Structures are given as C-alpha cells and as structure tokens.
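Sequential numbering from 4 applies to the sequence shown in our numbering. The C-beta atom is built at its ideal place from N, Cα and C for all residues, glycine as well. This structure is a prediction, so every number in the text was calculated from the model and none was measured. Here's the structure, in structure tokens; my notes come after.
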Amino acid sequence: MKIKHLKPEDPVYFFPKIESNASESDYPDGLIAIGGDLASERLLYAYRHGIFPWYSENEPIMWWSPNPRAVILPKEFHMSRSLAKRLRNESWSFSLNKDFSNVICQCAKNRRDEGTWITSEMISAYQKLHHLGYAHSFEAWKNGVLAGGIYGIRLGGVFFGESMFSAAKDGSKVALSALVYSSKKNGIKMIDCQIESDHLQSLGMRALDRADFLAKLKKYVTHKKVMPNWHFSTQSAILLTQLRDNNLNLDQ
Numbered sequence: 004m005k006i007k008h009l010k011p012e013d014p015v016y017f018f019p020k021i022e023s024n025a026s027e028s029d030y031p032d033g034l035i036a037i038g039g040d041l042a043s044e045r046l047l048y049a050y051r052h053g054i055f056p057w058y059s060e061n062e063p064i065m066w067w068s069p070n071p072r073a074v075i076l077p078k079e080f081h082m083s084r085s086l087a088k089r090l091r092n093e094s095w096s097f098s099l100n101k102d103f104s105n106v107i108c109q110c111a112k113n114r115r116d117e118g119t120w121i122t123s124e125m126i127s128a129y130q131k132l133h134h135l136g137y138a139h140s141f142e143a144w145k146n147g148v149l150a151g152g153i154y155g156i157r158l159g160g161v162f163f164g165e166s167m168f169s170a171a172k173d174g175s176k177v178a179l180s181a182l183v184y185s186s187k188k189n190g191i192k193m194i195d196c197q198i199e200s201d202h203l204q205s206l207g208m209r210a211l212d213r214a215d216f217l218a219k220l221k222k223y224v225t226h227k228k229v230m231p232n233w234h235f236s237t238q239s240a241i242l243l244t245q246l247r248d249n250n251l252n253l254d255q
C-alpha cells in the first residue's frame, strides 16, 4: 500500500486507517507514514492506534506499525535463574520517574555507535509527554548508582516501551523486572516492545499479529490521563517476592 506523507499542519488523525485493513499484506515492513511532527497530540493519537515514530538523524519522521508486534504480557514474563540470584544477592533498589531525563539520555547514548533513533527532537518530545503525565521511567539503582532504566508511554492498561539501557550487568533487565512488577500492581495488561528480538524472547516475549495487537489496544487503552501515583516498591526483595507470588515464570 502507498505510504502516506504527512505535513506538520495535518490533523493528528491523518494516519492510514490500519485498524480496518490490518492483514499481513498491508505495510509488510511496518512503515505506514512519513513526515508530520512530534507534537504531543499526534504522538498520543499514534500510540493509541498502534503507531510509533522511529527514524535517525537527518531523516524525516517515520511512523511504524510492524507486523507481527512484540509484546510482553506481565503474567508471561520470564526471569532467569541468574537474574533472580542477582536481585537476591546484590544491593538493588528501584524508582519511578525519579530521573526521566537521565534515563532517556542514557538510552540515546548507549546506541550512539550504532545510530540512535532517540534524536534531540525525540528527547524533547518525550520529555514534554513526561511533564504532561504520559511518559514514565523506571530506574534500577545498584549501590546507589543508576545502573539501568526503561522509559515509555502509559495509556491505561498498556505500557508502550520505547527503550532501555544498562550501565551495569543486567541493569536493563532489572529495570524491566520493576516495570513488570508495577504492571501487575497497577492494571497494566500488556507491555509493547515493538520489534521482536532474541533478547526479548528470552524474557517471555510473544509475537502478536497486527490485527490482534490492535484489538488489544481497543480493549485496554484509555483516553484518560494516568497520573504517576502508582503503587510501587523500591526494594528488590519485595519485588522478587511479589513476582514469585504472582506465579510468573521465575526459575529457582
């Protein structure tokens, strides 16, 4: 199908209507539109409809809705024996929205050598969403030092993960574990991971057909703002116990 070209002045709803025509043959590489801008209203509309921006420096904004779609359902999260041991035996703590700007900048820095899509324009746009109460970060601290983090957008029962980083061994996995724990406590039914990878598969990722993913968005996403007053534990021992008690796939 023809890729749609957007202008900054176009209404936010000018994306292709993929909901009504989401077969595997439609947009097989996932690219559905080019152009527009990163205004908060356009970004929120895009996420609610299974679309996200992904592009590099010196490229126009590219909008994607890949098929299949990588997701983690919190009940299916898999924690390896080594990660559980690390949480038990090392001095970890967690925070929510304590250092959003640092997390997104670290995510960009960690990918600088391979070409990051987290451009200065993207950082500014997601910081604005953070101030509006839609974008959130989970931080993992080891011995009081930021060791990993993940950031993304929450819309009701879906957390749209954007990127994560590690500054210490398994730092991003520890931060993801905190997100999974928080998802269980706060009614998040699905974590969007966007693109499949071996790393995500080891953590319990499943691949959804685009049509199935969009159907879940209609079921779980809300148009109401979710303020960041979530139930959240800062201690790794509590987090590990809660994950085990919720019957997640935790190796012993």
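C-beta neighbour in chain D for Asn189, strict 9 Å: Protein chain content of the structure displayed is limited to a single chain, and chain D is not contained in it.
Once DSSP output is grouped into helix, strand and coil, what is the label at Glu27? Counting from 1 along the sequence shown, the entry for residue 27 is found at position 24. Because Glu27 sits at a pLDDT of 49, beneath the cut-off of 50, its placement in the model cannot be relied upon, and the point is left open.
Output the residue ranges of the beta strand (DSSP E) runs that lie fully inside the segment 29-92 and measure 3 residues or longer, sorted by chain position. 34-38, 65-67 and 72-75
Helix, strand or coil for Val148 per DSSP? Taking the sequence shown and counting its residues from 1, one reaches residue 148 at position 145. Correct three-state label for Val148: strand.
Please classify Leu206: does DSSP put it in a helix, a strand, or coil? The residue you call residue 206 lines up with position 203 of the sequence shown. The answer is coil: DSSP assigns Leu206 none of H, G, I, E or B.
When the distance is taken between beta carbons, is Leu182 closer than 9 Å to Phe216? Residue 216 sits at position 213 when you count from the first residue of the sequence shown. Residue 182 sits at position 179 when you count from the first residue of the sequence shown. The answer is no: Cβ separation not under 9 Å.
Is DSSP giving Gly159 helix, strand or coil here? Here residue 159 refers to the residue found at position 156 of the sequence shown. Under the three-state reduction of DSSP output, Gly159 falls in the coil class, being neither helix nor strand.
Quick one: what's got a C-beta closer than 6 Å to Lys192's C-beta in the same chain, skipping five residues either side? Taking the sequence shown and counting its residues from 1, one reaches residue 192 at position 189. So the qualifying residues of the chain are Gly160 and Tyr223.
Applying the criterion that 16 or more other CB atoms from any shown protein chain within 10 Å of the CB defines a buried residue, is Asn70 buried or exposed? For the purposes of this step, residue 70 is taken as the residue at position 67 of the sequence shown. Buried, because 16 or more other Cβ atoms sit within 10 Å of the Cβ of Asn70.
If you follow the beta strand (DSSP E) that Asp215 is part of, which residue opens it and which one closes it? The residue given as residue 215 occupies position 212 in the sequence shown. Taken as a continuous stretch (DSSP letters only), Asp215 belongs to no beta strand (DSSP E), being part of the alpha helix (DSSP H) at Arg213 to Tyr223.
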